[in-house]
Amino acid sequence: MKQTHARAHTHPHKSVLFLVCGSDGAEEDQPVEDLLKPGHLTQLLEAELEAEVEALSVGSVSVAVTKLLGCVRRHRDSCSTGVLIPVLPVFQEVNQACRALVRFLPLLGVYSDLVRYFLSVLLTVHRSTGKLLSVLSSIFIQLAQKVQWAQCVTEHSASRKGAQWEN
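Spelled out as structure tokens, the structure:
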């Protein structure tokens, strides 16, 4: 009959899991890479997504669009307050800027959809990791309670056996 025991060794640069397989008293060490490393889940799920969201530069795009709209608004206001004839070039400039903004609108819509997509993915990942942590913590709490209960039962039965021997 072949038995398998897992024994963890820490190596300075990597964690290696050694499997010791025994057959008829003979033991062999076979190194197998440890698949789960500290921070592994966070790096795979959150770090790459956060890098992609940062690449979208949501803050700078928002500031640039706000400045652009403010500029067009100021030009529009300057056209409406003055006499129409002297500010005709400014009026044409505002019309040209508005046409450019209208052509820019579909691209801004696609960008907005992309930002919403990444936001929903980040939210889903955050919710999933939170749920996983909740499940794992409840499992460990249940295990700790069972270990504590088993220790109490063992201590109680040991004290009863000691009391029986004294009688």
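Numbering-wise (this note's numbering), the sequence shown opens with residue 107 and increments by one. Just so you know, even glycine gets a beta-carbon here, dropped at the ideal spot from N, CA and C.
Using only the alpha-carbon positions, how far apart do residue i and residue j sit?
| i | j | result |
| --- | --- | --- |
| leucine 211 | valine 167 | 13 Å |
| serine 244 | leucine 155 | 28 Å |
| lysine 267 | leucine 151 | 54 Å |
| asparagine 201 | leucine 174 | 14 Å |
| serine 226 | aspartate 219 | 10 Å |
| arginine 233 | serine 240 | 10 Å |
| threonine 230 | isoleucine 247 | 26 Å |
| cysteine 258 | leucine 242 | 24 Å |
| alanine 161 | serine 184 | 37 Å |
| valine 208 | leucine 228 | 31 Å |
| valine 253 | alanine 264 | 16 Å |
| lysine 237 | alanine 153 | 18 Å |
Tell me which residues share the same chain as residue i and place their Cβ nearer than 7 Å to its Cβ, disregarding the 5 neighbours each side in the sequence.
| i | result |
| --- | --- |
| cysteine 204 | Val178 |
| glutamate 199 | His181 |
| valine 221 | Leu162, Val164 |
Grab the span of the alpha helix (DSSP H) containing residue i for me, first residue to last.
| i | result |
| --- | --- |
| leucine 276 | The requested residue 276 is not part of the displayed model; the chain covers only 107 to 273. |
Please go through the same chain and pick out, in chain order, the residues whose beta-carbon is closer than 8 Å to the beta-carbon of residue i, but skip the five residues on each side of it.
| i | result |
| --- | --- |
| glutamate 158 | Phe224 |
| valine 171 | Leu214 |
Starting from the C-beta of residue i, find all residues in its chain whose C-beta is less than 6 Å away, skip the five residues before and the five after it, and write them out in chain order.
| i | result |
| --- | --- |
| histidine 262 | none |
Is the CB of residue i under 8 Å away from at least one CB in chain D?
| i | result |
| --- | --- |
| lysine 237 | The structure shown contains no chain D; it holds only a single protein chain. |
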